[in-house]
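Residue numbers (full-length UniProt numbering): 1 to 106.
Next up, the structure:
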């Protein structure tokens with residue numbers, strides 16, 4: 001009798017165990033599909049869910065980034081024509097912070 005001091009199963013046993021597990025999983029999946037085909041389930045979506053689904057499809061087909069606008073801004077920055085209004089930027093950052101604090105406090 002030999003003792004495995006590494007406590008690792010031989011590779012052949014692992015492969016056999018994996019094959020048994022896969023066969024059992026496939027058999028139960030086959031049983032589930034045959035049971036599902038004998039019963040008829042139905043799902044009804046609310047009008048709100050249908051509307052959300054349509055909006056999601058519409059937005060997924062639209063480009064995420066307006067590349068024309070990006071190219072215009074890149075060119076303006078490279079040419080030195082892009083000017084930042086620091087007062088407006090500070091105001092917008094302050095508004096964002098205020099809105100953020102209102103939304104996530106208490």
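Backbone N, C-alpha and C define an ideal beta-carbon position, used for all residues, glycine too.
Taking residue i and residue j to be in contact with their CB atoms under 8 Å, please state how far apart those CB atoms are, rounded to whole angstroms.
i	j	result
residue 89	residue 82	Actually they do not touch by this definition, with Cβ atoms about 13 Å apart.
According to DSSP, is residue i part of a helix, a strand, or is it coil?
i	result
residue 83	coil
residue 38	helix
residue 64	coil
residue 43	coil
Mind checking which residues open and close the alpha helix (DSSP H) that includes residue i?
i	result
residue 47	47–61
Within 8 Å of any Cβ in chain D, is that where the Cβ of residue i sits?
i	result
residue 40	Annotation note: the requested chain D is absent from the structure, which comprises a single protein chain.
Can you name, in chain order, every residue of its own chain whose Cβ lies under 8 Å from the Cβ of residue i, other than the five neighbours on each side?
i	result
residue 76	82
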